[in-house]
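Each remark here refers to the structure printed beneath this line.
Residue numbers (the numbering used here): 15 to 108.
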């Protein structure tokens, strides 16, 4: 985000006094405002969560199996072939 970009989105939350005090103390240790501390902490947590859910980590053996499976030609059985043909008749041709 550029420094000139407008900041006009808001998030409001309610919390216990003890939680607010804890956040205020932590923000002061880092020399940040409470808003800045909450924003940077929330963004770091969001990035970590997305990384964990949007990527997979495989060891060498599992990675080889995965890529071998991707490279192997797909063989459709008769039921699947029939189902795809039926789909084409009902959905694609209409």
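All residues carry an ideal CB built from backbone N, CA and C; glycine is no exception.
All figures in this text were calculated on a predicted structure; none of them were measured in a lab.
Cα-Cα separation, residue i to residue j
i: residue 55; j: residue 93; result: 51 Å
i: residue 28; j: residue 90; result: 55 Å
i: residue 105; j: residue 96; result: 14 Å
i: residue 71; j: residue 87; result: 24 Å
i: residue 79; j: residue 98; result: 27 Å
i: residue 36; j: residue 42; result: 10 Å
i: residue 59; j: residue 76; result: 28 Å
i: residue 45; j: residue 63; result: 26 Å
i: residue 66; j: residue 100; result: 39 Å
i: residue 68; j: residue 57; result: 16 Å
Sequence-distant residues of the same chain with beta carbon closer than 8 Å to residue i, five excluded per side
i: residue 19; result: none
i: residue 33; result: none
Cβ neighbours of residue i in the same chain (closer than 7 Å, five flanking residues each side left out)
i: residue 40; result: 51
i: residue 48; result: 37, 38 and 41
Residue i versus the options, residue with shortest Cα-Cα distance
i: residue 23; options: 36, 38, 43 and 53; result: 53
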